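S.K.: Residue numbers (the numbering used here): 284 to 622. Note that beta-carbon positions come from the ideal geometry of N, C-alpha and C, so glycine has one too. The structure presented is a predicted model; accordingly, all values stated were derived computationally and were not measured. Quick one: the structure is below, and I'll ask about it shortly.
Here you go:
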């Protein structure tokens, strides 16, 4: 095992945080408790308020030298987690980048030791190493939904594994999953992360899915998948606005997702990723249509319904689009001065 006296850390653990020092402390402790010691932990504080900063400074004062804090200037909505992660990657020294959300935690203290052993056991360059995590709702109940790469465990039971239980998978395998790898469970080679442009700072919702799609699309080294559940993800409370998943409206989130899938359709190199983008773009356009319909914005709803129809035709959706167009005409007749 590498040790802490090495000049270059093998892993750089990046934790972005903002105004959540109590939750952050748990996440940080789960990184510090890793048995693998050749790591650096980089905290990027995205302009927290004065009250929170006082608590962050107290936490920082008790940390060892391999934990470094970087404080960004305050902005009303922050710079965004993607910017913070890119900033952390830029100042990092590790060969591989690990990410951890400040409201989640690693539950497997051997996670990085196992990842290091897995990566070093292969003679080929490993561009990415993925694992799994368990999700819990605000009441502490474990979710039974397939959100990330849980379904890969059953899909590739016959795929050859190495002596550590890892499977080498490519874009064909990974796009058969209904999910993607959350950043808590993603380790990416720093040089490769930089080559593909890091996180998209214009996406403030599901930026991790965007990175995942670009990673599996452009990886030239191998991708390792371990079925181990190494993290606990706390599903955000929809009533609170302290998380990127809850701070934006549904419409705003749909816009971010559409940007991601349009990028994939234009720039992806593999047909597998393009197929994923087509399927998911149609789904988001339909969700956008339904949301606008609920808000009785019939004209815009009809417009997005036609866009979804253009991505992939179905008779049922065609009839619904005609219905929305009819509602739009009726509304305009009844409200001739509304425009």
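Alpha carbon to alpha carbon, what distance is there between residue 318 and residue 393?
M.R.: Taking the straight line from one Cα to the other gives about 6 Å.
S.K.: In the DSSP assignment, find the unbroken alpha helix (DSSP H) run with residue 304 in it and report its ends.
M.R.: Element bounds for residue 304: 304–315.
S.K.: Excluding the 5 residues flanking residue 291 on each side, which residues of the same chain have their C-beta closer than 8 Å to its C-beta?
M.R.: So the qualifying residues of the chain are 376, 377, 378.
S.K.: Report the option in 399, 478, 491, 508 whose CA atom is closest to the CA atom of residue 444.
M.R.: If we check each option's Cα against that of residue 444, 508 comes out closest.
S.K.: Where in the segment 315–403 do unbroken runs of the beta strand (DSSP E), each at least 3 residues long, occur, reported from the N-terminal end onward?
M.R.: Runs of the beta strand (DSSP E) inside the segment 315–403: 322–329, 350–355, 379–382.
S.K.: What's the call for residue 287, buried or exposed, on a 16-neighbour Cβ count within 10 Å?
M.R.: Residue placement at residue 287 is poorly supported in this model, since its pLDDT is 45, which falls under 50; the coordinates still yield a value, given next. That one is exposed.
S.K.: Could you pull out every residue in the same chain whose Cβ sits closer than 6 Å to the Cβ of residue 342, ignoring the five residues on either side in sequence?
M.R.: Taken in chain order, the residues that qualify are 308.
S.K.: CA-CA distance, residue 364 and residue 404?
M.R.: Their backbone Cα atoms lie some 32 Å apart in a straight line.
S.K.: If we ignore side chains and look at the alpha-carbon of each, how far apart do residue 295 and residue 589 end up?
M.R.: About 46 Å.
S.K.: Could you say which of 329, 348, 430, 380 lies nearest to residue 360 if we only look at CA atoms?
M.R.: Of the listed residues, the one whose Cα sits closest to residue 360 is 329.
S.K.: Quick one: what's residue 507 bridged to in DSSP?
M.R.: For residue 507, which the question treats as bridged, DSSP gives the partners 412, 451.
S.K.: Would you decide whether residue 605 is buried or exposed? Buried here means 16 or more other CB atoms lie within 10 Å of its CB.
M.R.: Under this definition residue 605 is an exposed residue.
S.K.: Assuming residue 384 and residue 310 are in contact, meaning their beta carbons sit under 8 Å apart, how far apart are those beta carbons, in whole angstroms?
M.R.: Right, the Cβ-Cβ distance comes to about 7 Å (below 8 Å), so this counts as a contact.
S.K.: Does the segment 534–545 come close enough to the segment 567–585 to have 3 or more Cβ pairs within less than 8 Å?
M.R.: Touching, per the Cβ criterion.
S.K.: Given that a residue counts as buried once 16 or more other Cβ atoms are within 10 Å of its Cβ, and exposed if not, what is residue 446?
M.R.: When all chains shown are included, residue 446 counts as exposed.
S.K.: If you count every other CB in all the chains shown that lies within 10 Å of the CB of residue 418, and 16 or more means buried, which is it?
M.R.: Counting Cβ neighbours within 10 Å, residue 418 comes out buried, since at least 16 surround it.
S.K.: Between which residues of its own chain and residue 533 is the CB-CB distance below 7 Å, once the five residues before and five after are set aside?
M.R.: Here the set comprises 574.
S.K.: Which residues in the same chain have their Cβ closer than 7 Å to the Cβ of residue 429, if we skip the five residues on either side of it in sequence?
M.R.: These residues qualify, in order along the chain: 461, 462.
S.K.: In chain order, which continuous runs of the alpha helix (DSSP H) of length 4 or greater are located wholly inside the segment 579–620?
M.R.: Counting whole runs of 4 or more residues, the segment 579–620 contains the alpha helix (DSSP H) stretches 581–594, 598–617.
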